[in-house]
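Take 1 as the starting number for the sequence shown in the working numbering and just add one per residue.
Glycine residues also receive a C-beta, built at the ideal position from the N, C-alpha and C atoms.
Below is one structure; the comments refer to it alone.
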Amino acid sequence: MQTENLFELTYILLDKKSVTAKEMAAHFGVSQRTIYRWVDALNLAGVPVFTSKGRGGGIFLSDKYALDKTVFTDEEKKELLAGIQAVNSLSGVPSTQSAVSKLRALIGNIPEVNVKDKSNWIQIDFEPWSSKGTEVQELFLKLKNAIFAEQQVSFDYYSMHGESEGRCVQPWKLLFKNQAWYLYGWCNQKKEERYFKLSRMRNLALLAKPVTHFYKDQPHLEQLHQDAPPFKLLDIVLEVSAQALPALLDEFKVDSVTDAPGGKKRITLKMPDIPWFEYTLLGYADEVTVLEPPDLRARLKTRIARMCQNYSD
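Here's what the structure looks like:
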């Protein structure tokens with residue numbers, strides 16, 4: 001956070017040329033002594049900031065100082081701005097208030113027509129194909145605001161066992177993995193780091209409690225868990241119809257695809273040994289057959305028999 005504050009202080013001085021320690025203390029919510037420590041830190045970093053006392057005094061930035069605009073080539077500047085504009089929809093903030101206008105001021109003017117030519121190379125839209133898409137975006141933005149404000153959140157969460165439980169979480173980051181958004185943070189109830197799938201959250205609320213546990217180490221994403229220990233991976237072999245193959249390729253990381261008798265395909269993949277995967281396979285009905293492992297095949301046969309009983313007259 002101090003690095004971000006130092007950059008923001010420099011940006012304010014570039015814009016206003018001079019400020020008072022009292023103004024900056026109120027702006028950042030810190031003491032005036034802290035502001036003067038930041039000034040010393042900027043000087044050590046080579047930023048020519050100086051102070052003067054008395055009437056008309058304050059904190060000043062040398063008129064000759066400017067951020068180096070030659071770090072990026074013109075082409076790199078265009079690509080950088082185009083990339084930010086392309087993903088600007090994630091911020092939920094109008095472009096006039098976004099980092100685009102600030103970055104443009106820092107690195108210099110670029111012909112607008114050239115930037116626009118490259119700004120549509122990618123589009124990111126994490127809303128589902130449903131009428132509840134706006135709810136997903138609202139949830140994302142609330143969590144983003146909580147992370148930036150270092151503010152705790154509460155919500156009702158459905159575990160992998162279908163049980164709903166109230167949680168209070170100190171949010172650290174939002175993670176997109178395997179076609180889903182997750183919140184990563186410190187769970188006050190479990191007293192450890194946890195991942196929470198956004199689609200399983202209900203009744204999200206921002207609390208008037210500051211974050212007290214802070215993110216330290218990069219998590220091992222392959223061991224991502226949500227209220228459960230890491231699961232063993234199964235080596236799975238499926239025989240699938242040509243019609244089901246595209247959907248399976250979209251949903252899973254398939255290791256290999258080979259031809260099978262009758263115009264079918266044989267695919268191999270690795271998946272955790274969890275009930276969710278069994279439910280997913282059953283959703284493909286007779287378009288997918290499990291060949292290996294035998295234990296998974298047996299469990300699916302049992303589930304299919306129970307399904308038949310549910311529909312028997």
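- From the listed residues Tyr215, His213, Trp172 and Glu165, the smallest Cα separation to Arg200 is found for Glu165.
- The beta carbon of Lys22 sits closer than 7 Å to the beta carbons of Gln32 from its chain, once the five residues preceding and following it are set aside; these are given in chain order.
- Bounds of any alpha helix (DSSP H) do not take in Val211, whose DSSP letter is neither H nor E.
- Taking 8 Å as the upper bound for CB-CB distance, Leu248 and Leu296 are not in contact here, some 15 Å apart.
- Collapsing the DSSP output to three states places Thr10 in a helix.
- When DSSP reads this structure, Tyr311 sits in no beta bridge, so it has no partner.
- Distance check between Ser62 and each of Gly54, Ser52 and Val47 places Val47 closest, using alpha-carbon atoms only.
- Gly58 has Ser52 as its beta-bridge partners, per DSSP.
- Rounded to the nearest angstrom, the Cβ distance from Val240 to Glu287 is 6 Å, consistent with a contact under 8 Å.
- Per the coordinates, the alpha-carbon of Pro210 lies some 28 Å from the alpha-carbon of Glu163.
- Rounded to whole angstroms, the Cβ separation of Leu44 and Leu6 is 11 Å, and the two are not in contact under 8 Å.
- Linking Leu139 to Pro261 through their CA atoms gives a straight-line distance of about 47 Å.
- Apart from sequence neighbours up to five positions away, the residues of its chain that approach Gly185 with a beta-carbon distance below 6 Å are Val169, Gln170, Pro171 and Trp172, ordered along the chain.
- In this structure, Tyr284 places its C-beta atom within 9 Å of the C-beta atom of Ala244.
- For the options Leu174, Arg167, Tyr158 and Ser159, the alpha carbon positioned closest to that of Lys142 is the one of Leu174.
- Separation of the CB atoms of Ile304 and Met271 is rounded to 19 Å, and the pair is thereby denied contact status at 8 Å.
- The continuous beta strand (DSSP E) containing Arg266 extends over residues Lys265 to Pro272.
- If you check the CB distance, Ile59 and Leu14 do not come in under 9 Å.
- Ala180 counts as exposed, since fewer than 16 other C-beta atoms from the protein chains shown sit within 10 angstroms of its C-beta.
- Secondary structure within the segment 10–39: the alpha helix (DSSP H) runs of 4 or more consecutive residues, fully enclosed, are 21–28 (chain order).
- Secondary-structure assignment with DSSP links Glu165 through a beta bridge to Tyr157.
- Close CB contacts of Thr212 within its chain, under the 8 Å cut and outside five residues either way in sequence, are with Gln170 (chain order).
- If you draw a 10 Å sphere on the C-beta of Phe196, you find 16 or more other C-beta atoms in it, and that means buried.
- Selection Arg167, Val19 and Asn203 evaluated against Lys190 yields Arg167 as nearest (Cα-Cα).
- About 23 Å separates the CB atoms of Arg202 and Phe148; that is not less than 8 Å, and the two are not in contact.
- Boundaries around Tyr184 are those of the beta strand (DSSP E), Ala180 to Cys187, since no alpha helix (DSSP H) includes it.
- For the pair Tyr311 and Asn145, the Cα-to-Cα distance works out to about 48 Å.
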